[in-house]
Amino acid sequence: MPDAISITVNGASVTVPSGTTALAAILSTGASTVRRSVSGAPRGPLCGMGICFECRATVNRRRHSRTCEILCAPGMDIRTGDCVRERVDG
Amino acid sequence: MASRSANFDILVVGAGPAGIAAACCASESGARVGILDNNPRAGGQIWRGHQHSDANPDARKWFDKFAAAKIDFLSSSEVIDQLENGRLIVQSIDAQSIDEVRELTYKNLIVCTGARELFLPFPGWTLPNVMGAGGLQALVKSGLPISGKKVVVAGSGPLLLAVAAHLREHGADVRLIAEQAPWHRLVRFGMSLAFEKTKLAQAFAIKRQLSGVPYKTNCWPLCVNGDDKLESVTLRAGDRTWQESCDYLACGFHLVPNTELAALLGCELRAGFIRIDENQRTSIANVFAAGELTSIGGVDLSILEGQIAGYAASGQAASAAQLVPQKRRLDRFAALLRETFALRDELRSLADAETIVCRCEDVTLSRIRHHSSWRASKLHTRCGMGACQGRICGPATEFLLGWKVDSIRPPIFAASLQSLAVAAAAHTQEHLMLNEESR
């Protein structure tokens, strides 16, 4: 694979072509669930363009990263499935 | 995390077709031009993946211009707040510089934040593998393998055809395209395209790519079935109801404008869009708007509006004036789109009592529908108070319940505490300085 990038998704090594987003890398492992909703239901991406926040996961230990907006970089560590309630209002 | 600032004569927000055209035209004046986008690359949604391709001549032309012009491109960046007119707080969402916050100043701002898909709730729409039509296309463009996957494309609008053609080109087994608009309106739409050579050519190209894929009009999804992920979709066309098994449902009900930033700045809206004059100027003198947030009119109109805004904002009035007449013809296309793909009433009753409307907070229709307004429901149920800040459920409740989404509050994108701290510090600094001056 030309310009292949090695990353880890939930601890497993994954190799993707350069230009792949973190979200596409997660789904290319066969997963369809990226996070759990506040009531624990499985959720996957909806908008694909940084609006809906359904694809958020932990990227390089940064929680709630919108994985559709992040390009894979060598050594990136992606973890999915956090079901921590998130509040953004003040 | 560092806080840096940068100053621009012209700042453009959104690097889709309108933003790229605006930045290129503004830079012809010699002004210092900056453009920012939340994506890692320029192109927006419609030109996503075309940066290094010759497939779309228009995209190629503008990407080349953009690369040759002297323009600062700030990728993976989004505006979270305005300090005052001319000063914006911007955060990075790139993995390498996440949470880095900077202040950007401008003399004139051109807002080109585009549109998103309208998502309507129906039973099962929250299951994984039910996505937007443009959403699935964006995912495929960013590396999702789709070859051999069964896909149903549903909803409304010309985007459905473009998406289906694109997915098929990448090896997807597109089972069906379900368009909710009635056949007679689409025929009228097709007839009027006959006078638009380029749009007709695009339509024929797509038709060739889609040969053999059923295109059903008067057809829409009723619900999706599956436990942990989508297994099939139940569709309705006329009196007929049937299940179509699929790996993905790509479903969007045309587009809604991303008006949040312009609204935060105080720009007036008209019928849900940012109100502009013929030079693309909003109700705020040094803020211009171009592209889909002023009307949903397709890429040609977006480019033209971007050009006009770029020229007008940089004092090139004659160049702007020259383009204005061309806009009228494209405005007619926007009106035609609106009439053709107007949503049918049946879609208002797709969601049942237990259907989740607000995906961020898992709020069901039964919990919100007895409230009188968006605001009341928000206060009582947290509908619209999650991470997306009502961007998905807001337009849905406007359609379902006739609510008006108001009260845009900063930060307009979920911001980290660090970002907020920097923004707050900047506000405080300002306050202290004003106090010093008044002494």
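Chains as they are written, first to last, in the working numbering: chain U, 3 to 92; chain L, 17 to 455.
Positions of the beta carbon are idealized from the N, C-alpha and C atoms, including for glycine.
Bear in mind the structure is a predicted one, so any value in this text is a computation, not a measurement.
Quick check: the region 330–339 of chain L against the region 284–292 of chain L, are at least 3 beta-carbon pairs closer than 8 Å?
no
- [ ] Anything in the region 28–56 of chain U with a Cβ closer than 8 Å to a Cβ of chain L? List those residues in chain order, please.
- [x] L29, S30, S34, T35, V36, S39, V40, S41, A43, P44, R45, G46, P47, L48, C49, G50, M51, G52, I53, C54, F55 and E56
Check your understanding: Between the beta-carbon of S92(L) and the beta-carbon of D115(L), is there less than 8 Å?
Key -> no
In the region 95–117 of chain L, which residues sit with their C-beta less than 9 Å from some C-beta in chain A, listed in chain order?
The chain labelled as chain A is not found among the protein chains of the depicted structure, namely U and L.
*Looking at chain U, which residues of the region 367–382 of chain L have a Cβ within less than 7 Å of any of its Cβ atoms?*
R375, C376, E377 and D378
*Say whether chain L places a C-beta atom closer than 8 Å to the C-beta of P19(U).*
yes
CB contact check: V11(U) to chain L, cutoff 8 Å | no
Check your understanding: Whose Cβ in chain L lies nearer than 8 Å to the Cβ of R58(U)?
Key -> A403
>> According to DSSP, simplified to helix, strand and coil, what is R348(L)?
In response: helix
| K157(L): buried (16+ other C-beta within 10 angstroms of its C-beta) or exposed? | buried
Every unbroken beta strand (DSSP E) inside the region 18–61 of chain L [3 residues or more]:
19–29 and 49–52
Please determine, among D243(L), S43(L), A279(L) and V203(L), the residue with the shortest C-alpha to C-alpha distance to D232(L). According to the sequence displayed, residue 232(L) carries Lys and not Asp. It is V203(L).
- [ ] With DSSP collapsed to three states, give me the class of G77(U).
- [x] coil
*asked:* So if DSSP puts A71(L) in a beta bridge, which residue, or which two residues, is it bridged to?
replied: Per DSSP, none; premise fails for A71(L).
Item to complete: Might you give, ordered along the chain, the residues of its own chain that have their beta carbon closer than 7 Å to the beta carbon of A197(L), omitting 5 neighbours on each side?
Response: S172, T233, T356 and F357
Exercise for the section: Consider the Cβ of R63(U): report whether some Cβ of chain L lies at a distance smaller than 8 Å. Expected result: no
- Task: Quick one: list the residues of chain U neighbouring I408(L), beta-carbon separation under 8 Å, in chain order.
- Result: L48, C49, I53 and C54
Separation of A278(L) from A403(L), as counted between CA atoms: 20 Å
Practice item. Would you mind sorting H66(L) into buried or exposed? The rule is 16 or more other CB atoms within 10 Å of its CB. Key: buried
Next on the checklist: Using CA atoms only, rank isn't needed, just tell me which of K166(L), R345(L) and G406(L) is closest to V2(L).
Outcome noted: Outside the displayed span of chain L (17 to 455) sits residue 2(L), for which this structure offers no information.
Nearest-angstrom Cα separation, counted from S34(U) out to V117(L) | 32 Å
P427(L) versus N54(L): straight-line alpha-carbon distance, rounded: 15 Å
- What residue does the alpha helix (DSSP H) around Q225(L) start on, and which one ends it? K213 to Q225
Open item on the list: If you reduce the DSSP assignment to three classes, tell me which class V40(U) lands in.
Closed with: coil
Check your understanding: Are at least three pairs of beta-carbons, each pair with one atom in the region 67–81 of chain L and one in the region 359–366 of chain L, less than 8 Å apart?
Key -> no
Coarse secondary structure for W390(L), derived from DSSP in three states = helix
Please list, in chain order, the chain U residues whose beta carbon lies closer than 7 Å to that of S92(L). E71
Sufficient close CB pairs (3 or more, under 8 Å) joining the region 47–62 of chain L to the region 19–37 of chain L
yes
**Item:** Ranges of the alpha helix (DSSP H) found wholly within the region 246–293 of chain L, counting only runs of at least 4
**Value:** 276–281
- Is there at least one Cβ from chain L nearer than 8 Å to A6(U)'s Cβ? no
- Task: Step through the CB atoms of chain U and report whether any lies within less than 8 Å of the CB of F415(L).
- Result: no
Margin query: Extract the residue ranges of the beta strand (DSSP E) inside the region 160–201 of chain L, only unbroken runs of 3 or more that lie entirely within it.
Written below: 166–172 and 189–195
For chain U, is any of its Cβ atoms less than 8 Å away from the one on E133(L)? yes
Measuring straight from C-alpha to C-alpha, what distance separates L104(L) and E71(U)?
21 Å
Would Q296(L) be called buried (16 or more neighbouring beta carbons within 10 Å of its own) or exposed? buried
From the DSSP output, which residues share a beta bridge with Q107(L)? E94(L) and V117(L)
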